[in-house]
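Following: one structure in structure tokens, then a few remarks.
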Amino acid sequence: MEISKDESGTVLKIQGSLDIGVAEELHKTLLESLDDRVRLMDLSAVDACDTAALQLLCAARKTVERQGNRLRFAGLSAAVADSCASLGLPVGELAAESEEESRAV
Amino acid sequence: MQYNPVQTFLQEAEELLAGIEESALALDTGERSEETINQLFRAFHTIKGSGGMCGLDAVAGFTHHVESLLARVREGTIQVSPRLAELILQSRDHIKTLLGVEQGGDEAPAGSGEALIAAIDEFARAETAGGKNEVPSSQEPAENIPGAEVAWRIRFRPNPALLSCGGNPVALLNELRSLGSCEVTAHAEEVPALDAIQPDVCYFWWTVTLRTAASENAIRDVFIFVEDGANLEIEGLADETPREQTVETKAASLAIPAETVESIANAAPTAIRQKSVARESTVRVPSERLDHLVNLVGELVMTQSRLAQAASQNGGPEFTNPVQELERLVAELRDDVLGIRMLPIGTLFGRFRRLVHDLSAQLGKEVDLVTEGAETELDKSILDQLGEPLVHCLRNSLDHGIESPAERCQLGKPPRATIRLAAAHTGSHVVISIKDDGRGIDRAAVRNKAVEKQLIARDANMSDEEVLNLILLPGFSTARQVSNVSGRGVGMDVVKRAIDALRGSLSLASEDGKGASVSIALPLTLAIIDGLLVQVGDDRLIVPMAAVTENVELMRVERERKNGRNVIAVRGELVPYVDLRKTFELGGESPAIEKVVIVQHGGDRFGMVVDRVLGTHQTVIQSLGRFYRKIDVVSGATIMGDGRVALIVDIAAIVRFAARQCQPARQ
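Here the protein sequences come in this chain order: G and X.
All residue numbers for the first sequence refer to the working numbering, where the first residue is 743 and numbers rise by one.
All residue numbers for the second sequence refer to the working numbering, where the first residue is 2 and numbers rise by one.
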């Protein structure tokens, strides 16, 4: 698992396999890197994503919303989309708002 | 301590097997109870699943056959019968043997498993063929018509520890999807923000609308491994339940607050039933750790009393408060720790149900075991030693007391006999009674036997109670022939001795033709007791406080006046006494005014003469070790505050000892 930020500091890109084994690490990294400038999370390079990881992504969105901003998820990889579908997680919880935003990444 | 899944499974299986036994015996009455059948099915299902996960393939493989049988019982294709209960009991025993092998027990006899599987298959075939023509039972028609799809709303709130225990909600939901068409909605509103989230806790919960031909039980089975600590609600919706409602729920996604979902659920007018499964959270702890904890507390109590003594002798006034506070805390800790070791006596009763079932079948008698007060709690160490004596009493009742059904009918009694096994608290004791409605104890036979065995003189003048108590004497057994049920050469004296060893007492009652009863009074705990500290010469002894009724003074002049007869008048009643100085051959001169500690033993009072009564003492019982095993007049020792050792007097043994000493004098 790896998390990187682009030069503007608004896009957080997560790569690799997200599961309960790395949940602790993902949690820590998100806490550190999720400052009040991040607006978009790029999930296009996520290979696997389990329930624990999805919960953390939801928590990340809530954290940003609490600060009065919006966090969007873009470029859902097939793995993330599959996990959402399997769990029955509503699309609104974790998805790009629109095509344009996806492309903006 | 390392977490060992196999060990955990073995512990869990032990409990499940106990539950299976109970349920199977309930089935034995031939009554069909959905609840019981479901419990049985789930228990076997869990053993199969967990056993397979732990690599115990023999267990899983065998259990599979029983599970299939029960599945057909649940469908109603096989009826409940005593034979079914018998097979379940045998299967349970076989699984226990298989599990025992894992713990280093003996292998199951070769071919026994296969024979049992064959018997199960044979039974299933015969029952299914025979029952084909019968109309399926009337319960739950809608669910049982094959092919008819029913809509179910399932609300599943998992145990928060689901994820950390390796649970996978995706697999669970996919299993539900395999049952029929499914609408799954995960609810994320309880997921906290990053600063509050614990990454391995499950915050999601789900509502699922499932249309399936499967029964509610089949749906419940999906959740069988994650039920613990979870909240599962399954309710049937009427067939017309508009699907749009579900769609609406889904479309609105996170905008829907929980209350709305709730109100939709409540509004469903035709909800068939609703059941939530919530369990208390418990922790499994091996009993050795509890025993260790009790030992530690025992040492703490002793150290505390040494500290208190040192503080009162040499310490400054600033020690007074903390030492008193410590005493209070230690006492509280002691009570709590001993409380943890208390187990309901019902765990023991369960075993007896099986015993009575097996024995009555063997003896051709019909017997019901009625238990009362199964929730009564007793220290685990007592419970462990109580099994054997109680088994012996039950065997006696079944074998000697209860008549055959034909004989009972002739006597105008119902053919089914009843044995009542009851436990209840009375003060600092637990009283267990075993009462049957058989022929009672034949006093004439007891008397003749005792004369024959030269236990009493032919013309001895004895009360009814005394005659009854003769059967407690060693080597007494009135059974004409030795059966393999009771009368194995050991008699009630073994029971009496075991109960004495537990610091308990035993009494008998009998009414000719109406039945007999045995009551056993036991102390609540064996580890720490309240004792009365007494002094004889330079030695100190502890008398268990529970037995002490009063202390009186004994003047030397009065003693001399009685001319060496060891009796004292206590408020008009003559009470015999034992001189502990003489009995224990302790040296020294007795003071002019001695004390007599009057104790209650088996309905009688007797006194023990000591030099001084020092006061009460929290007594932590320490065993004397094997070198002193033969000394039966003391039941243990305790270490005093000043580091000296005081012996704990065994009252029953002292009575026996004194009686032995008197006998040569009498003859």
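Ideal Cβ placement from N, Cα and C applies to all residues, glycine included.
- Among the residues of chain G, those whose CB is under 9 Å from the CB of Asn175 (chain X) are Ser828, following chain order.
- About 11 Å separates the beta carbons of Val368 (chain X) and Arg421 (chain X), which is beyond the 8 Å limit, so they are not a contact pair.
- The DSSP-derived three-state label of Tyr629 (chain X) is helix.
- Secondary structure of Val331 (chain X) (DSSP, three-state): helix.
- By the CB criterion at 9 Å, Val495 (chain X) and His393 (chain X) fall inside the cutoff.
- Burial state of Glu595 (chain X) is buried, judged by a 10 Å Cβ sphere holding 16 or more other Cβ atoms.
- Judged by beta-carbon spacing, Pro170 (chain X) lies beyond the 9 Å limit of Leu180 (chain X), meaning their Cβ atoms are not closer than that value.
- The alpha-carbon separation between His430 (chain X) and Asn470 (chain X) amounts to approximately 22 Å.
- The residue from G:Asp778, G:Leu785, G:Ala821 and G:Met783 with its alpha-carbon nearest to that of Val806 (chain G) is G:Asp778.
- DSSP places Arg84 (chain X) in the helix class (H, G or I) of the three-state scheme.
- Taking a Cβ-Cβ threshold of 9 Å, the residues of chain X close to Glu766 (chain G) are Pro200 and Asp201, in chain order.
- Looking at the backbone, the Cα of Leu308 (chain X) and that of Ile640 (chain X) are separated by about 13 Å.
- Trp153 (chain X) is outside the set of residues whose beta carbon lies under 9 Å from a beta carbon in chain G.
- What Lys804 (chain G) touches in chain X, judged by beta-carbon distance under 8 Å, is Val192, Pro193, Ala194 and Leu195, going in chain order.
- Not one beta carbon of chain G lies nearer than 9 Å to the beta carbon of Ser24 (chain X).
- The straight-line gap separating the alpha-carbon atoms of Arg606 (chain X) and Phe477 (chain X) is approximately 26 Å.
- Closest by C-alpha distance to Gly52 (chain X), out of X:Glu15, X:Asp222, X:Pro287 and X:Lys583, is X:Glu15.
- Asn218 (chain X): member of the alpha helix (DSSP H) spanning Glu217 to Val223, first to last residue.
- Those residues of the stretch 774–799 of chain G placed with their C-beta closer than 7 Å to a C-beta in chain X are Leu776, Thr793, Ala794, Gln797 and Leu798, ordered along the chain.
- In this structure, Leu772 (chain G) places its C-beta atom within 9 Å of the C-beta atom of Ala802 (chain G).
- With respect to chain X, the C-beta atom of Arg808 (chain G) has a partner C-beta closer than 9 Å.
- Per DSSP, His65 (chain X) has no beta bridge partner at all.
- For Asn296 (chain X), no Cβ of chain G is located within less than 9 Å of the residue's own Cβ.
- Sequence-distant partners of Ala215 (chain X) (beyond 5 residues in either direction) whose C-beta falls short of 6 Å from its own C-beta, in its chain, are Leu180.
- Contact note: Leu831 (chain G) reaches chain X through Ala187 and Ala189, using a C-beta cutoff of 7 Å and chain order.
- In this structure, DSSP gives Met463 (chain X) a state outside helix and strand, which the three-state scheme calls coil.
- Setting aside the 5 residues that flank it on each side, Leu349 (chain X) is surrounded in the same chain by Leu384, Leu387, Gly388 and Leu391, each with a C-beta closer than 8 Å to its C-beta; the list follows chain order.
- Per DSSP, Asn470 (chain X) has no beta bridge partner at all.
- The alpha-carbon separation between Thr208 (chain X) and Ala827 (chain G) amounts to approximately 14 Å.
- Take Asp29 (chain X), set aside five residues on each side of it, and the residues of its chain with a beta-carbon closer than 6 Å to its own are Pro83 and Ala86, in chain order.
- Contact between the stretch 496–516 of chain X and the stretch 436–446 of chain X is present, with at least three C-beta pairs closer than 8 Å.
- Contact annotation for Leu760 (chain G) against chain X: no contact, minimum CB-CB distance about 11 Å [criterion: below 7 Å].
- If you draw a straight line from the Cα of Leu799 (chain G) to the Cα of Leu57 (chain X), it comes to about 39 Å.
- From the beta-carbon of Pro170 (chain X), the residues of chain G found nearer than 7 Å are Thr793 and Leu829.
- At a cut-off of 9 Å between C-beta atoms, Phe205 (chain X) counts as an interface residue with respect to chain G.
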